[in-house]
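J.: To start, I am sharing the structure in question, which I have written as structure tokens.
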Amino acid sequence: MGQQQLLLIMLAVIIIGLAVIAGITLFHSSFLDAKRNNVVNESLNLSSMAQRYYVRPTATGGGGKTFIGWQIPPELAITENGRYSANVTSQQIIILGTGNEIVTGTDSVKVRTTVRPGDFHVETLN
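Sequential numbering from 39 applies to the sequence shown in this note's numbering.
In structure tokens, the structure reads:
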């Protein structure tokens with residue numbers, strides 16, 4: 039084989055290697071975005087449940103204009119996407135969602151959702 043052919047083979051191997059590395063990185067990034075979105079969606083679902091509890095009268099199992107007494111349903115506290123905890127006060131709930139996937143090192147996907155009677159705010163922590 040000539041020297042030119044060996045150089046072309048080496049160049050092809052390098053280009054293919056770089057393409058594979060770029061593809062793996064892109065896949066991992068998309069995977070983490072999807073997991074983050076899943077944690078956000080589940081947090082929003084919990085927010086909606088909490089607001090329904092707030093407006094429902096106590097006679098029908100609601101809070102009667104308070105969040106006190108609301109808790110995350112046991113079947114939704116730990117899901118395939120992550121685990122959720124709530125800090126409940128009378129006029130606000132802070133839901134912390136921690137994803138199952140590691141982002142960097144030992145950091146997981148984390149989402150904090152602040153729920154109030156008329157609105158909610160989602161903040162991505164990681």
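Glycine residues also receive a C-beta, built at the ideal position from the N, C-alpha and C atoms. Remember, it's a predicted structure, so these values are computed and weren't measured experimentally.
1) Count the CB pairs spanning the stretch 90-101 and the stretch 140-150 that are closer than 8 angstroms, and state whether there are at least three.
2) Can you list, in chain order, the stretches of the alpha helix (DSSP H) that have 4 or more residues and sit fully within the stretch 95-135?
3) If you follow the beta strand (DSSP E) that Thr152 is part of, which residue opens it and which one closes it?
4) Helix, strand or coil for Asn164 per DSSP?
5) Less than 6 angstroms between C-beta atoms, sequence neighbours within five positions excluded: which residues of the same chain meet that for His159?
T.: Inspection of the coordinates gives the following:
1) Because the criterion of three Cβ pairs below 8 angstroms is not met, the stretch 90-101 and the stretch 140-150 do not touch.
2) Fully enclosed alpha helix (DSSP H) runs of 4 or longer: 112-115.
3) Going by DSSP, Thr152 is part of the beta strand (DSSP E) stretching over 145-153.
4) In the structure shown, the three-state DSSP call for Asn164 is coil.
5) So the qualifying residues of the chain are Thr152.
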